[in-house]
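There are 2 protein chains.
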Amino acid sequence: MLHSLRNYINRITSSTISDEEFKYVEAAFKMKTLKKRQFLLHEGSVCKFMSFIINGAMRQYHIDDKGNEHIISFGIEEWWISDRGSFTNLTPSRYNIDAIEDTNLLVTTRDEINSLKERSPLFLKMAHILDENSFIASQKRVEATISYTAEEKFIYLMETNPVFVKRFPQNMLASYLGITPETLSRVRKSLLGK
Amino acid sequence: MLHSLRNYINRITSSTISDEEFKYVEAAFKMKTLKKRQFLLHEGSVCKFMSFIINGAMRQYHIDDKGNEHIISFGIEEWWISDRGSFTNLTPSRYNIDAIEDTNLLVTTRDEINSLKERSPLFLKMAHILDENSFIASQKRVEATISYTAEEKFIYLMETNPVFVKRFPQNMLASYLGITPETLSRVRKSLLGK
DNA sequence: TAGAATTATTGATCTATATCAAGCCATTTT
DNA sequence: AAAATGGCTTGATATAGATCAATAATTCTA
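In order, the protein sequence lines correspond to chains A and B.
When the count follows the numbering used here, it moves up by one through the first sequence with no breaks and lands on 1057 for the last residue.
When the count follows the numbering used here, it moves up by one through the second sequence with no breaks and lands on 1057 for the last residue.
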């Protein structure tokens, strides 16, 4: 289980973490198992964790006044999932996080993360690269949502995250793209024809 | 000029940078002046700088096939402006960055930033907090663009960045929100009536 | 300060996408 | 195996917002 996180740290930082340093990482995390449809975070509560997905699939979403779900992010193997806003500012979250498949996670808290960052330079480096990449990806997603048509949005998703397209049901992909399931269905149909 | 950056570092990190440490910061930056409509970055070139706005106003935008501009970000006093994707991955930028008003900047390069981060712990901390905040803000903007109506988007902008609304022409605000100037004009009219 | 350029408003259409509704699969549950 | 549930498709219709066009207001600039 933990070797998945170890691989990830090595891959992201282009380094090799030592056994000694990795012991600190090990100590900071706890295993957690979620069955399909189980919640990790409910709207209104403060997100006190960061978690790393070992296997399975999750989503982070908001439910609006009309009861519509808007998916903010997906996570699968070797992705982090958390509400970063709530986590860093200790404000109540506007989001739910739940499992789309049975999922195994490594979970840690703010305090653990903070002391881990002091003890493991490589973990710290990983955290920064993660933030940097997250921002770059998010900014591209903003561009896609403000400039693209429904069809272009879906094509962009297939190009940037083909795994999501295979892994998540179409209605959730639609929600992630900010279009309706019906529109996505029609977009796919017309793309197949080409 | 430099004291603006100094204030910023202190404010963001909730600390006070020492004279000695700040000397490294000073050494890493160069002043640059742009007249209204002058470019700092052209699409196609690699963004080799990060810059900090002392005063003035700037924008980062993409021009699509049809010639439509899509504004990715705005910057005014005490904001950073750069194409982070191009900057970190050394890939050609898809964006233009230009001045909306006469602007004074502090500019630095990748190499300078990297060695500065090694020499100044507080600058390093600032950089990380900046990334973290940028990601959180960008993720919220994603949510707004996928879930909100034109009116809600504008209200959200007024709430989160009222300065932008005062500072940038309406057609640019519309572009930033992913709606047309005509729609924004009508939205504003109907909001005034309320 | 006049003329040019840019930006904002308003009205008349048009269109991409949403909404509503029904039926069909494919899984899961009993 | 029947029933229930969740997801996907397809068709008919509605609508938010885009587009087109013209005018008005504002701000450059010579």
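Just so it is clear, CB atoms sit at the ideal spot from N, CA and C, and this is done for glycine as well.
{"Query": "Closer than 7 Å to chain A by CB, residue 999 of chain B", "Result": "yes"}
{"Query": "Residue range of the alpha helix (DSSP H) that includes residue 913 of chain A", "Result": "Note, residue 913 of chain A: premise wrong, no alpha helix (DSSP H); beta strand (DSSP E) at 912 to 918."}
{"Query": "Residues that DSSP places opposite residue 934 of chain A in a beta bridge", "Result": "A:924"}
{"Query": "Start and end residues, beta strand (DSSP E) containing residue 970 of chain A", "Result": "966 to 972"}
{"Query": "Any 3 or more C-beta pairs closer than 8 Å across the region 883 to 896 of chain B and the region 929 to 937 of chain B", "Result": "no"}
{"Query": "Cα-Cα separation, residue 922 of chain B to residue 908 of chain B", "Result": "17 Å"}
{"Query": "Coil, strand or helix - residue 954 of chain A by DSSP", "Result": "coil"}
{"Query": "Nearest residue (CA-CA) to residue 966 of chain A, options A:932, A:973, A:941", "Result": "A:941"}
{"Query": "7 Å Cβ cutoff met for residue 887 of chain A and residue 979 of chain A", "Result": "yes"}
{"Query": "Partners in chain B for residue 1041 of chain A, counting only beta-carbon separations shorter than 8 Å", "Result": "1008, 1009, 1010"}
{"Query": "C-beta neighbour in chain B for residue 935 of chain A, strict 7 Å", "Result": "yes"}
{"Query": "Length of the line joining the Cα atoms of residue 996 of chain B and residue 955 of chain A", "Result": "17 Å"}
{"Query": "Three-way DSSP call (helix, strand, coil) for residue 946 of chain A in this model", "Result": "coil"}
{"Query": "Near-chain B residues of the region 965 to 984 of chain A (beta-carbon distance less than 9 Å), N- to C-terminal order", "Result": "none"}
{"Query": "Partner residues on chain A for residue 1045 of chain B, Cβ-Cβ distance less than 7 Å", "Result": "By Cβ distance, chain A contributes nothing, its closest Cβ being about 16 Å from residue 1045 of chain B, past 7 Å."}
{"Query": "Candidates B:1026, B:1024, B:1017, B:875: closest to residue 1043 of chain B by CA position", "Result": "B:1017"}
{"Query": "Rounded straight-line distance, which links the Cα of residue 1038 of chain B to that of residue 948 of chain B", "Result": "21 Å"}
{"Query": "Assigned secondary structure, residue 894 of chain B (DSSP; H/G/I helix, E/B strand, else coil)", "Result": "strand"}
{"Query": "Alpha carbon of residue 879 of chain B to alpha carbon of residue 865 of chain B, nearest angstrom", "Result": "15 Å"}
{"Query": "Contained beta strand (DSSP E) runs [length at least 3] in the region 1007 to 1049 of chain A, N- to C-terminal order", "Result": "none"}
{"Query": "Nearest residue (CA-CA) to residue 964 of chain A, options A:872, A:1047, A:917", "Result": "A:917"}
{"Query": "Rounded straight-line distance, which links the Cα of residue 1005 of chain A to that of residue 1004 of chain B", "Result": "7 Å"}
{"Query": "Residue-chain proximity (residue 928 of chain B, chain A), Cβ-Cβ < 7 Å", "Result": "no"}
{"Query": "Candidates B:913, B:957, B:1010, B:902: closest to residue 930 of chain A by CA position", "Result": "B:1010"}
{"Query": "Nonlocal neighbours in the same chain, by C-beta distance under 7 Å from residue 910 of chain A, ignoring five residues either side", "Result": "904, 945, 946, 949, 950, 956"}
{"Query": "C-beta neighbour in chain A for residue 947 of chain B, strict 7 Å", "Result": "yes"}
{"Query": "Three-way DSSP call (helix, strand, coil) for residue 963 of chain A in this model", "Result": "coil"}
{"Query": "Cross-strand partners of residue 986 of chain A (DSSP beta bridge)", "Result": "None; residue 986 of chain A has no bridge partner."}
{"Query": "Within-7 Å CB hit, residue 1028 of chain B to chain A", "Result": "no"}
{"Query": "Rounded Cβ spacing between residue 1027 of chain B and residue 1040 of chain B (contact assumed at less than 8 Å)", "Result": "That belief does not hold up - the Cβ atoms of residue 1027 of chain B and residue 1040 of chain B are roughly 10 Å apart, past 8 Å."}
{"Query": "Proximal chain A residues relative to residue 1005 of chain B, where beta-carbon distance stays under 8 Å", "Result": "935, 1001, 1004, 1005, 1008"}
{"Query": "Per DSSP, the bridge partner or partners of residue 909 of chain A", "Result": "A:955"}
{"Query": "Closer than 8 Å at the beta carbon, the chain B residues around residue 951 of chain A", "Result": "995, 999"}
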